[in-house]
Amino acid sequence: MRRRSFLALSGLVLGFALTGCGGAEGNAGTLTFATPLHIPPLLDPAPGPDGVKRFPLRLQEGHTEFLPGKPTRTWGVNGGYLGPTLRAKRGDRVAMAVTNTLGEASTLHWHGMRLPAVMDGGPHQMIQPGGTWSPEWTVEQRAATTWYHPHPHGLTSRHVYRGLAGMFILDDDRPSGLPDSYGTDDVPLILQDKKFGENGELAEKFGGTFGLLGDRILVNGTYDPFFRVTTTRVRFRVLNGSNAHVYNIGFADERKFHVVANDAGLLDKPVAVQRFQISPGERFEIVAEFAPGEQVLLKGFDGDSEIEDGDYDLLKLVAAPRLSPSAALPGKIEDPWPPVEGKTIRRFRLGGDDINGQQMDMARIDEVVPAGAHEIWELDNTTFSHNFHIHEVTFRILDIDGEQPPEHLRGPKDTVFVPGKTKVRLAVEFGRHVDPATPYMYHCHILKHEDKGMMGQFVIVEPGTEAATPRTLSMAGHHGHH
Ligand code: C2O
Ligand code: CU
Ligand code: CU
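Each number in my numbering corresponds to the 1-based position in the sequence shown with 231 added.
The following block contains the structure:
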């Protein structure tokens, strides 16, 4: 009797340890690291005679074999899953032609890009099936790892989960001194968790508080990946492209590495860390060092929040027997760019799936911001884990529950993790693209929350003027009347 209940209890404890409390299981120990990491192709067009760089992008359906012998129906940009890495330089004039060949309307948002609101690709710039959307703007920001993904209101979870996303790297006029050979020592790592059904189909279970939390990880759309390291230093551009999962990233042997950039640009100087936490939509650039012939795992470690449960193996790094020597890490990377706090304070109370008690209404402008403003945005999370992304802007974290953020989080950002029952204050710098009728978004980037309406709208206006009635565009497709 006693023995039996002891066994039952230990079984219970074991089961609990394996599944964790958030529903997602870790994958540690289940991988063989058999597949070379896919490097999304670069799309870096030469400027045309008019000086404009043109990027043709097709949203399309396809099949991708993540699991051997079990092709999965997926969506992608110019391919079956994910999209090319776009690249442009500060000062470049860029023109996108986004054609929607899917069976339903979508959008393409340039997350982290500072541009006029009509070019932003949010829920007000819908592209109907068969339609093409052609935004054009000048890159006017510092070097950064930005990204693109759809943003149709209420459907972002599905469209991103099926595979519509890609990186958009921006370079500065002068070199940073960091590794920069794309795919060799400057490597994108797009992290996404998935759940697969019996036949390899993507399980679209967006239930629960946080929506989909998968038990399998894809890196750049590769399941079970390894990357062959050929240089003594490698820069990784890590993007959390997951719907909800938060990763607490580090190496299996706990080696130190340097964070060199946050979402919106480079840090003043490299900051040594052992781990960093990345929530959906955030980007961190890191530089790690390798010894000839060694192998080490990049991992997501079990963390404090409900959405970083379990230990995950992400990628095996396999160093060649001989490595090309990399340049030393520069002591200083970027000119210091201190945050300007500004006087206007706006407060946002984050509820379960609302902001200040309200849900997104495409016809309501929530905030009117004068062009070029510097403001303080106070986020007061009264519930469970959320994060917060603001379109168009660059911000700095002033404090988290009154404490200065750790050094590796003091760079320019556009998305911030806000743990449950926590207050975060941001110094936000707004742009000058005035448009009183076309709103930008701010929202939780846990896509289920965003879809449920945990999102608000702001417009940028000439100082002293008011917002106009929101204007929504719809790029007509086959059935359009224009
Ligand atoms: Cu990455 Cu409003 O989005
Ligand atoms: Cu965005
Ligand atoms: Cu949220």
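Glycine included, each C-beta is placed from N, C-alpha and C at the ideal position.
When we look at the beta-carbon of residue i and count the other beta-carbons within 10 Å, is it buried (16 or more) or exposed?
i: residue 700; result: exposed
i: residue 688; result: buried
i: residue 398; result: buried
i: residue 421; result: buried
i: residue 641; result: buried
i: residue 261; result: exposed
i: residue 430; result: exposed
i: residue 231; result: This structure cannot settle anything about residue 231, because the visible part of the chain is limited to 232 through 713.
i: residue 593; result: exposed
i: residue 555; result: exposed
i: residue 571; result: exposed
i: residue 669; result: buried
i: residue 258; result: buried
i: residue 345; result: buried
i: residue 451; result: buried
i: residue 253; result: Its pLDDT being 44, under 50, residue 253 is placed unreliably by the model, and nothing is read from it.
i: residue 388; result: buried
i: residue 595; result: exposed
i: residue 353; result: buried
i: residue 278; result: exposed
i: residue 704; result: exposed
i: residue 299; result: exposed
i: residue 567; result: exposed
i: residue 468; result: buried
i: residue 550; result: buried
i: residue 366; result: buried
i: residue 513; result: buried
Taking only the alpha-carbon atoms, compute the straight-line gap between residue i and residue j and give it to the nearest angstrom.
i: residue 712; j: residue 330; result: A caution first: residue 712 carries a pLDDT of 42, below 50, which makes its placement in the model too unreliable to give a value.
i: residue 697; j: residue 484; result: 56 Å
i: residue 293; j: residue 336; result: 17 Å
i: residue 618; j: residue 522; result: 36 Å
i: residue 418; j: residue 465; result: 7 Å
i: residue 302; j: residue 427; result: 11 Å
i: residue 626; j: residue 658; result: 5 Å
i: residue 492; j: residue 396; result: 21 Å
i: residue 304; j: residue 460; result: 31 Å
i: residue 362; j: residue 707; result: 5 Å
i: residue 680; j: residue 256; result: 22 Å
i: residue 603; j: residue 621; result: 15 Å
i: residue 648; j: residue 553; result: 39 Å
i: residue 691; j: residue 297; result: 43 Å
i: residue 406; j: residue 502; result: 19 Å
i: residue 562; j: residue 526; result: 27 Å
i: residue 685; j: residue 351; result: 19 Å
i: residue 394; j: residue 695; result: 42 Å
i: residue 693; j: residue 661; result: 12 Å
i: residue 284; j: residue 368; result: 10 Å
Look at the Cβ atom of residue i, then the Cβ atom of residue j, and state whether they are nearer than 7 Å.
i: residue 338; j: residue 380; result: no
i: residue 348; j: residue 666; result: yes
i: residue 616; j: residue 537; result: yes
i: residue 453; j: residue 266; result: yes
i: residue 401; j: residue 434; result: no
i: residue 629; j: residue 656; result: yes
i: residue 547; j: residue 457; result: yes
i: residue 476; j: residue 449; result: no
i: residue 511; j: residue 471; result: yes
i: residue 653; j: residue 606; result: no
i: residue 474; j: residue 442; result: yes
i: residue 377; j: residue 416; result: no
i: residue 494; j: residue 343; result: yes
i: residue 639; j: residue 504; result: yes
i: residue 322; j: residue 313; result: no
For residue i, write down the residues that DSSP places opposite it in a beta bridge.
i: residue 456; result: 266
i: residue 479; result: 508
i: residue 498; result: None; residue 498 has no bridge partner.
i: residue 606; result: 575 and 659
i: residue 306; result: 292
i: residue 686; result: 674
i: residue 423; result: 449
i: residue 551; result: Beta-bridge pairing links residue 551 to no other residue.
i: residue 463; result: Per DSSP, none; premise fails for residue 463.
i: residue 520; result: 464
Handout entry: the segment 272-285 / the segment 305-318 touching (three or more Cβ pairs under 8 Å)
Key = Touching, per the Cβ criterion.
Exercise for the section: Assess, as a yes-or-no matter, whether the segment 577-586 is touched by the segment 484-497 under the definition of 3 or more beta carbon pairs within less than 8 Å. Expected result: no
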